[in-house]
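Under the numbering used here, the sequence shown has 345 at position 318, and the numbering climbs by one with no breaks.
One structure is given here, and the rest of the page talks about it.
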Amino acid sequence: MPSNKNLYMSALIACMTSALFGYSVGFIGGLLVLPSFLQHFHLSSLPSSALAAAQARIVTVWLVGALFGVPLGMPICARWGRKPCLVFSAALYVLGTALQLLDFGGRIEAFEIGRLINGLGVGAGTLVSPMYISEISTPNTRGMLMSGYQTLLQLSALAGFWGAYISNALLPSSSSLQWQVPVAVQLVPGIFLLLGTFCILPETPRYLAEKNDIAGMELTLKWLRDLKSGDRELVLEIEEFTLAAAMGKLMMERTQSFGREILRKAVRKRLFVGVGLMIGQNMVGLNALNYYAPVIFMSAGFTSVSSSLFLTGIFGLVKLVSAIAFMFIFVRVKGNRFWLILGSSICGISMLILAYFVRSLPPPDKMHEAGLTLGGVISVAMVYLFAFSFSVSLGPISWNVCSEIFPLHINAKCCTITTCTQWLFQLLIAFITPPLLNSIGWATYLIYAIFCAITITWIIFCVPETRGVALGKEMDAVFSDSKEEIDEEAEVEELESTPLLGGRIRRGSAVSYS
């Protein structure tokens, strides 16, 4: 029996880009309040408004870097391959971390430049990693392996939160190690990804087929699938990838440009689904809870800072547990559409209940006078319920779907659009949530509940089922237009009747162009 150990190992290494993502998000909030960090960068003496501006700049510059890191990685991914783009991502991340650790006389600008470069690496990684995992997976393992991306993200985010917390507890504020240790931990996933990609990871078979490296594709598939030359499954997969690549070249020759290609109805439909999922993932309100969770916990009667931070840590643990549950259980039980609809529905209900009870919580200036109430406990429960529901629906599935639905010859460019959308709306939510909470308070959650309802309606009418659908002809059939499908079938038949592929393609094994 063939073994999947090489496939799983490759997916794990590629998933390390999510660890770069998750830890960077998880540790920065705790880092910004560490006394040693504030003292080293001369922030402790700033007035509150200037301090808030500096802290916001440190967070925002990383998000801006991630946003621009996606188009920066796209030409590398498309022209030189998925593996070089993973190396590029890891190298930028490690370089950015090193700059954050170097001492430039306590100048915060050097730390911010390091955060910017660090973010560029994360952005490139979020583009290439889901694509890499999708392209090496088999149809029956793709959902689980792609869910591993979200699981590792939540695990590393949890490590980031507790890392800053533990560093504050164990190291004195007079020592620079108190802030340097949480920052230095970023090097662990970065170096692991860099060395693992260099020494172990092969290029994806889909990319090798696109570059007409049939021998390299065969060697890669033999290693990933643990199959011998001549195995029927191996032969069929080689034929499918080969014809898909040939069809991709034919389509590019016909359209001449990416701009003309995306005008095709089948491609527009895929982009509509991918972009919509990334918008929905951000607009249902998870970042609002990430921002406001400690305040909700304190208002609920858990008035000490330590208890509030502890409950916030449990919030991260809930997201991790739900991501693991989705990876090993939920993804096998029902399809993507089922979990998207159910999860978004529970998220919307949680937001409505949260809005009702947050409305009755005491104002911020009277938090410490609040006692433990039933409404407060329910508010905490709704935060956890939302986190669980999101992490088995829009959280992992949005990335999964975007990595698998696009045609091979435009996959990198289409994934650039969807991934940029994700970072753009994450930046938007980070920008608008604090003023919304400050101006309309509990009604902010009503707005996010409305977005949940819009997302559910859109999923019902616009998102097809893709779980277990093979890349290639089967995926094309899910999104194809009837007229385009007839034209493509004619092109496949014409291609099969020519010696273009040296007689490697047999009728009945063909896939379409994607």
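Heads up, the beta-carbon is just placed ideally off N, CA and C, and yes, glycines get one too.
Treat the numbers as computed from the prediction; the structure is a model and nothing was measured.
- Straight-line spacing of the CA atoms in residue 500 and residue 479 works out to 33 Å.
- If you look at residue 427, you'll find it in the alpha helix (DSSP H) that goes 421-431.
- Between residue 291 and residue 432 a beta carbon distance of about 14 Å is seen, past the 8 Å cut, so the two are scored as non-contacting.
- The straight-line gap separating the alpha-carbon atoms of residue 38 and residue 467 is approximately 44 Å.
- Residue 175 sits away from residue 374, with the two beta carbons spaced by 7 Å or more.
- The stretch 160-235 contains, as complete alpha helix (DSSP H) runs of 4+ residues, the segments 166-197, 204-211 and 214-226 (chain order).
- Distance from the CA atom of residue 145 to the CA atom of residue 124, rounded to whole angstroms, is 6 Å.
- From the listed residues 240, 353 and 447, the smallest Cα separation to residue 419 is found for 353.
- With respect to the C-alpha of residue 424, the residue from 257, 116, 239 and 371 having the closest C-alpha is 371.
- Here residue 149 has 44, 47, 48, 51, 89, 92, 93, 96, 116 and 120 as same chain residues with Cβ atoms under 8 Å from its own Cβ, once five neighbours each way along the sequence are excluded.
- Shown here, residue 134 sits in coil according to DSSP, grouped into three states, outside any helix or strand.
- In the pairwise beta carbon analysis, the stretch 443-450 is classified as not touching the stretch 401-411: fewer than three pairs are separated by under 8 Å.
- Between residue 110 and residue 230, the C-beta spacing is below 7 Å.
- Annotation for residue 378: the continuous alpha helix (DSSP H) segment containing it runs 363-386.
- Closest in alpha carbon position to residue 304, among 338, 490, 454 and 163, is 490.
- Note on residue 242: under 16 other CB atoms within 10 angstroms of its CB, so exposed under the neighbour-count rule.
- The alpha-carbon of residue 261 is positioned some 40 Å away from that of residue 345.
- Residue 156 carries a helical assignment under DSSP once its states are collapsed to helix, strand and coil.
- Taking the CA atoms as reference points, residue 426 sits about 7 Å from residue 157.
- Residue 301 is a Cβ neighbour of residue 429, given a cutoff of 7 Å.
- Within the same chain, Cβ atoms closer than 7 Å to the Cβ of residue 82 are found at 59, the five residues on either side in sequence being excluded.
- Under the Cβ criterion (8 Å, minimum of three pairs), the stretch 126-137 does not count as touching the stretch 171-185.
- Residue 465 sits in a helix when the DSSP states are folded into three classes.
- CA-to-CA, the gap between residue 324 and residue 381 works out to about 12 Å.
- With a threshold of 16 other beta carbon atoms within 10 Å, residue 225 falls short and is exposed.
- Rounded to whole angstroms, residue 311 and residue 249 show a C-alpha spacing of 43 Å.
- Between the alpha carbons of residue 206 and residue 313 lies a distance of about 27 Å.
- The alpha-carbon separation between residue 199 and residue 74 amounts to approximately 24 Å.
- Straight through space, the alpha carbons of residue 504 and residue 437 are spaced by roughly 17 Å.
- Exposed is the label assigned to residue 356, since fewer than 16 other Cβ atoms lie within 10 Å of its Cβ.
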